[in-house]
Amino acid sequence: MSSIPDDRAEAVFDDFKPAYDARQAVTEAQRCLYCYDAPCIQACPTEIDIPEFIRKIATDNVKGSAKTIFDSNILGMSCARVCPVEVLCVGDCVYNHLDSPPIQIGKLQRYATDKAYEEGWQYYAAGPDTGKKVALVGAGPASLAAAHRLRRYGHAVTIFDKRSVVGGLNTTGVAPYKMKADRSVAEAEWVLGIGGIEVKLGVEVPGDISWQQLESDYDAVFLGFGLGPDKLMALPGADLDGIVGAVDFIEGFKLGRAAVQGKHVAVIGGGNTAIDAVREAMGLGAASVTMVYRGTEAGMSGYQHEWKAAKAEDVQGAWQRQPVGFEGSGTVTGVRCVRLDDAKQPIEGTEHVIAADLVLLAIGQAKLGALVEGLEGIETKWGAVVTDAQGATGRPGFYAGGDCRNGGKEVVNAAAEGRDAAQAIHAYLGGA
Amino acid sequence: MPDLTSNTAGIISPNPFWLASAPPANSGDQIMRAFDHGWGGAVWKTLGTPIQNVSSRFGAIQYGGVRGVGFNNIELITDRPLDVNFREIAEVKKRYPKHAVIVSLMVETKEEWKEIIARSIDAGADGLELNFGCPHGMCERGMGSAVGQEPAVNERITSWAKEFSTIPVLVKLTPNVGDIRPHGLAAQAGGADGVSLINTIKSIIGVDIDTLVPQPVVGNQSSNGGYCGAAVRPIALHMCAALARDPGFQIPISGIGGVTNWRDAVEFLLLGSSSVQVCTEVMLRGYRIVEDMIEGLDTWMADKGFDNLDQVVGKSVPAYSEWGNLDMNFETIAVIDKESCIGCNRCMVACHDGAHQCIHPNPDGSIVPTIDLDECVGCNLCQIVCPVPDCISMVEVDNGFAAASWNDHISKGATLRPKKGAH
């Protein structure tokens, strides 16, 4: 199994939402109304029976509580930490209608699933061998969820990933105040604990192995290869040192060291990766951090609750700015911007420089649809693999889930899509 | 994996969790849905001459923000035609042959008992439960608790039922008696195969202090109802244990009264119940609660090394004794953990006003109270009120005195340690 270094820069971060102890968990669990056909369940892409797992915490049946979670979402441990619960289950808790604090579902889920890991509870066994083989491309959340479900049905499963670590973006991309890389690796290992899942790291598909080869060696193929590298900006000065993609930057300090201390950092973008990056740069010791965004503060696509936290950590916002070039010689010293009006049109005579000796580009990641180009029957749209609701592509035996299918959503979406695609693959392979 | 199969007087169910005879067990549709959720058995809502109910029917105690800690009802037995009930019982048994269906019965004359028992058996019931417990409405008509409170009547009707029945007969006892034992023994003498207890406790749940009418309100009056729910569990546990440890009482018990989750159920099993029946918690939260009950019991049994329910049922009964047999030389004192104390002084006020005045402000100004160990009688009150888990512990003291009970002292002159806190 892959290993990650111990002296990772991400270690400086504390949990933004600290873990509950038993007393806190039970107190919060007892507050849950145990709603029927609950809105929180409907808000969860994996449809975890949330009231049930919370009741089981209240009755001190934590083992059963974690099982309720894992039955729907085998990645429940990481989702408890990384899910944007404020816009999902917690956001839909009925207590919001009573103007009362909603139940802290994520923290309760963390309590139950952490306990399961700590106690070494295993709930699932591989099904009887079906003689069928499935290849999964990418070792991120979608593939892990699919692989686990496929093993429960008894299919032989092999995961390929070009990286040297498992877990995909859950390992390399999650903000460390939510979850650190080792926890994601631990989750992958726990999932693989069902046995019989072969993981081949450092193997690129297509490249080291062609699609045709996979197709002839396996009875079905699941595409879970996620997204590609950061998009860059073709502006004057773009090749200066100190201008890096945000996802690249995040992976760098999550798996290794970071050189942010004392720097003035500009993060370009207004999405959730941008918000992660500003908070991370701040936590890693930047002297100042500015978020540079084309729209308004209220109009950013990143979650407002995350941005509020960033502001509380002294991150500055530069709104309605369009970068037009980078300053500096050798190393970047600033971002040249113009102001935009409400229609996002440049306002003449407003050029100015925002000083920065580290610029992080968080304007999106490339889609990898091109990887499957030429595979007859598989369509892509805006670079994402097109499937039906169950995850089947137009090519028999090929399924897809996670970021490469949905264009880049949450871990919990990948977990749901991987699980459901596994169900569809099982049916395709003749299972009930 | 422990075996949860339950055997109560020959009534076998896949687990010990039964719906009690009550609104959740009113119809075939409900009981089949309950079985789908995992309930092992159901006691069909009492059949007899169908009655007519009032509205409203239920009342509840809300305490400290928790709704339904205690509950009461003035609903009577079935109001549905008997033909319909029996047809549905047959249907349930046909579809769920492995689940236990026990039919609760309440009629008056011997002829009526004969007929309704025959019809229950014909419908496929696995057992009968004679409702000698209902403390409202029916008792005014000479049935329910009016029967259960008279051991001779109880025994006579039980013997009728046994005469007519080829399937196990349970007698459901009322708690509205001074001592449960003669009533359990009367059922046994009548030939009952087992007893169920407790039925509800005669009660007035409250009074609307604006309208001045007791609850539940029916127009401008109310009536006493049957009290149940979590609040009655200690009473039920005692009655269950009182019968379980009576040497003359030899028949199985189906425990009822305030079971809300698997832990409550375990307590009933430990005090002698072969199965447990649940109503109120299902009324408040639905059949779905049984999943946690099964899982929790299963996990607990596995953790404790129990393979089957026979190893659990009655396991705590030997530790339930007369006060006179308790070891008076067993001594504990309270100890406060200085690290976790939050300085609320709840222990101090409880001890000063409600116990033995041995917890005092700390003379060094710390927020942690001090305990005068020479005065602490080990009563547990401070530990009960402390909001921090494991902050106050009751620690056993080795006082050098050999174990001695009051009975030992009186009969054999055994030495008791000096009294504490008795000034």
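These protein sequence lines map, in sequence, to chains A and B. The first sequence begins at 1 in my numbering and counts up by one. The second sequence begins at 433 in my numbering and counts up by one. C-beta atoms are modelled at their ideal positions from N, C-alpha and C, and glycine is treated no differently. Here the structure is a predicted model, which is why all the values come from computation and not from measurement.
If we count the other Cβ atoms within 10 Å of its Cβ and call it buried at 16 or more, is Lys367/A buried or exposed?
The residue given as residue 367/A occupies position 367 in the first sequence. Buried.
Express the C-alpha separation of Thr478/B and Thr590/B in angstroms, rounding to a whole number.
The count along the second sequence starts at 1 and reaches residue 590/B at position 158. The count along the second sequence starts at 1 and reaches residue 478/B at position 46. Cα to Cα, the separation comes out at about 16 angstroms.
Expressed to the nearest angstrom, what Euclidean distance is found between the alpha-carbon atoms of Cys40/A and Asn413/A?
Taking the first residue of the first sequence as position 1, residue 40/A is located at position 40. Taking the first residue of the first sequence as position 1, residue 413/A is located at position 413. Distance between the alpha carbons of Cys40/A and Asn413/A is about 15 angstroms.
Taking the alpha-carbon of Asp49/A as reference, which of Pro236/A, Ala38/A, Ile57/A and Thr59/A has the nearest alpha-carbon?
Counted from its first residue, the first sequence places residue 49/A at position 49. Of the candidates Pro236/A, Ala38/A, Ile57/A and Thr59/A, the one whose C-alpha sits nearest the C-alpha of Asp49/A is Ala38/A.
Are Val475/B and Glu582/B touching if we call contact CB-CB under 8 angstroms?
As a position in the second sequence, residue 475/B is number 43, starting the count at 1. As a position in the second sequence, residue 582/B is number 150, starting the count at 1. No, the pair does not count as a contact, with Cβ atoms beyond the cut-off.
The beta strand (DSSP E) with Pro323/A in it runs from where to where?
The residue you call residue 323/A lines up with position 323 of the first sequence. Per DSSP, Pro323/A belongs to the beta strand (DSSP E) from Arg321 to Ser329.
From this set, Ile630/B, Gly651/B and Leu669/B, which residue's C-alpha is nearest Tyr659/B's C-alpha?
Taking the first residue of the second sequence as position 1, residue 659/B is located at position 227. Cα-wise, what sits closest to Tyr659/B is Ile630/B.
Roughly how many whole angstroms lie between the Cα atoms of Leu729/B and Arg677/B?
Along the second sequence, one-based indexing puts residue 729/B at 297. Along the second sequence, one-based indexing puts residue 677/B at 245. In a straight line, the C-alpha of Leu729/B is about 23 angstroms away from that of Arg677/B.
How would you write the range of the beta strand (DSSP E) that Arg499/B sits in, first residue to last?
Residue mapping note: residue 499/B aligns to position 67 of the second sequence, counting from 1. Run containing Arg499/B: Val498 to Asn505, per the beta strand (DSSP E) assignment.
Rounded to the nearest angstrom, how far is the Cβ of Gly195/A from that of Ala116/A, given a contact under 8 angstroms?
For the purposes of this step, residue 195/A is taken as residue 195 along the first sequence, with counting starting at 1. For the purposes of this step, residue 116/A is taken as residue 116 along the first sequence, with counting starting at 1. About 17 angstroms; that fails the 8 angstroms criterion.
Can you tell me whether DSSP reads Glu523/B as helix, strand or coil?
As a first step, residue 523/B is located in the second sequence; it is residue number 91 there, counting from the start. Here Glu523/B sits in helix by DSSP.
Residues in the same chain with beta-carbon distance under 8 angstroms from Pro128/A, minus the five sequence neighbours each way, listed in chain order, please.
On the first sequence, position 128 is the one that residue 128/A refers to. Excluding residues within five positions, the ones whose Cβ falls inside 8 angstroms are Gly154.
Can you list, in chain order, the residues of its chain with a C-beta nearer than 6 angstroms to that of Cys773/B? Leave out the 5 residues immediately preceding and following it.
Within the second sequence, numbered from 1, the residue matching residue 773/B stands at position 341. Excluding residues within five positions, the ones whose Cβ falls inside 6 angstroms are Val800 and Cys823.
Among Gly224/A, Pro176/A and Tyr177/A, whose alpha-carbon lies nearest the alpha-carbon of Val134/A?
The count along the first sequence starts at 1 and reaches residue 134/A at position 134. Of Gly224/A, Pro176/A and Tyr177/A, the residue nearest in Cα terms is Gly224/A.
Ignore the nearest five residues each way along the sequence and tell me which others in Ala80/A's own chain have a CB closer than 6 angstroms to its CB.
Walking along the first sequence from the start, residue 80/A turns up at place 80. Only Gly106, Gln109, Arg110 and Thr113 meet the Cβ criterion.
Kindly indicate if chain B contains any beta-carbon less than 8 angstroms away from that of Thr59/A.
As a first step, residue 59/A is located in the first sequence; it is residue number 59 there, counting from the start. Yes, because at least one Cβ of chain B sits closer than 8 angstroms to the Cβ of Thr59/A.
Run down chain A in chain order and give the residues with a C-beta less than 7 angstroms from the C-beta of Asn693/B.
Residue mapping note: residue 693/B aligns to position 261 of the second sequence, counting from 1. Neighbours of Asn693/B on chain A, chain order: Thr59.
Can you give me the Cβ contacts of Gln316/A inside the same chain, cut-off strictly under 8 angstroms, excluding the 5 residues immediately before and after it?
Sequence index remark: in the first sequence, residue 316/A carries index 316 (1-based). Result list for Gln316/A: Ser288, Val289, Thr290 and Met291, in chain order.
Between the alpha carbons of Arg849/B and Asn761/B, how many angstroms are there, rounded?
Start at 1 with the first residue of the second sequence, and residue 849/B comes out as number 417. Start at 1 with the first residue of the second sequence, and residue 761/B comes out as number 329. About 6 angstroms.
Under 8 angstroms Cβ-Cβ, which residues of chain B neighbour Lys56/A?
Working through the first sequence from its first residue, we reach residue 56/A at position 56. Going along chain B in sequence order, the residues near Lys56/A (Cβ under 8 angstroms) are Asp724, Glu727 and Gly728.
Is there at least one Cβ from chain A nearer than 8 angstroms to Gly718/B's Cβ?
Taking the first residue of the second sequence as 1, we reach residue 718/B at position 286. It does: the Cβ of Gly718/B has a partner Cβ on chain A nearer than 8 angstroms.
How many angstroms separate the CA atom of Ser837/B from the CA atom of Val767/B?
Here residue 837/B is taken as the residue at index 405 of the second sequence, counted from 1. Here residue 767/B is taken as the residue at index 335 of the second sequence, counted from 1. Ser837/B and Val767/B: Cα-Cα distance of roughly 25 angstroms.
Measuring alpha carbon to alpha carbon, tell me which of Thr68/A, Ala355/A and Arg152/A ends up nearest Ala432/A.
Here residue 432/A refers to the residue found at position 432 when the first sequence is read from its first residue. Selected option, being the one with the closest Cα: Arg152/A.
Is Asn656/B near Gly756/B, with beta carbons less than 8 angstroms apart?
Walking along the second sequence from the start, residue 656/B turns up at place 224. Walking along the second sequence from the start, residue 756/B turns up at place 324. No, Cβ-Cβ distance for Asn656/B and Gly756/B is not below 8 angstroms.
Please classify Asn458/B: does DSSP put it in a helix, a strand, or coil?
As a first step, residue 458/B must be located in the second sequence, where it is residue number 26. Coil at Asn458/B, not helix or strand.
In terms of alpha-carbon separation, which member of Val698/B, Gln743/B and Glu547/B lies closest to Asp724/B?
Counting from 1 along the second sequence, the entry for residue 724/B is found at position 292. Among Val698/B, Gln743/B and Glu547/B, the Cα nearest to that of Asp724/B is on Val698/B.
Let me check one thing: in DSSP terms, what residues is Gly473/B bridge-paired to?
Walking along the second sequence from the start, residue 473/B turns up at place 41. According to DSSP, Gly473/B bridges with Trp450/B and Ala532/B.
Below 8 angstroms, can you find three or more Cβ-Cβ pairs linking the region 389–405 of chain A to the region 224–244 of chain A?
Yes: at least three Cβ pairs fall under 8 angstroms.
So, does the CB of Glu52/A fall closer than 8 angstroms to a CB anywhere in chain B?
Mapped onto the first sequence, residue 52/A falls at position 52. Output row for Glu52/A: interface = yes.
Can you pull the chain B residues whose beta carbon is under 8 angstroms from the beta carbon of Lys63/A, in chain order?
By 1-based counting over the first sequence, the position of residue 63/A is 63. Those are Glu727 and Thr731, listed as they occur along chain B.
What span of residues does the alpha helix (DSSP H) with Met575/B cover, start to end?
The residue given as residue 575/B occupies position 143 in the second sequence. Careful: Met575/B lies outside any alpha helix (DSSP H) and carries neither H nor E.
Give every residue of the same chain whose Cβ lies closer than 6 angstroms to the Cβ of Asn740/B, excluding the five residues on either side of it in the sequence, and list them in chain order.
As a working note, residue 740/B is residue 308 in the second sequence. Cβ neighbours of Asn740/B beyond the five flanking positions: Asp435.
Using beta-carbon positions only, say whether Arg279/A and Ala175/A come within less than 8 angstroms of one another.
The count along the first sequence starts at 1 and reaches residue 279/A at position 279. The count along the first sequence starts at 1 and reaches residue 175/A at position 175. Yes. Within cutoff.
From Arg336/A to Ala362/A, what does the alpha carbon distance come to, in whole angstroms?
Residue 336/A sits at position 336 when you count from the first residue of the first sequence. Residue 362/A sits at position 362 when you count from the first residue of the first sequence. Going from the Cα of Arg336/A to the Cα of Ala362/A covers about 17 angstroms.
Comparing alpha-carbon positions, which option in Gly853/B, Asp806/B, Phe490/B and Pro448/B lies nearest Pro646/B?
As a first step, residue 646/B must be located in the second sequence, where it is residue number 214. Checking every option, the nearest Cα to that of Pro646/B belongs to Phe490/B.
For Leu537/B, which three-state DSSP category applies?
Position 105 of the second sequence, counting from 1, holds the residue named residue 537/B. DSSP places Leu537/B in strand when its eight states are reduced to three.
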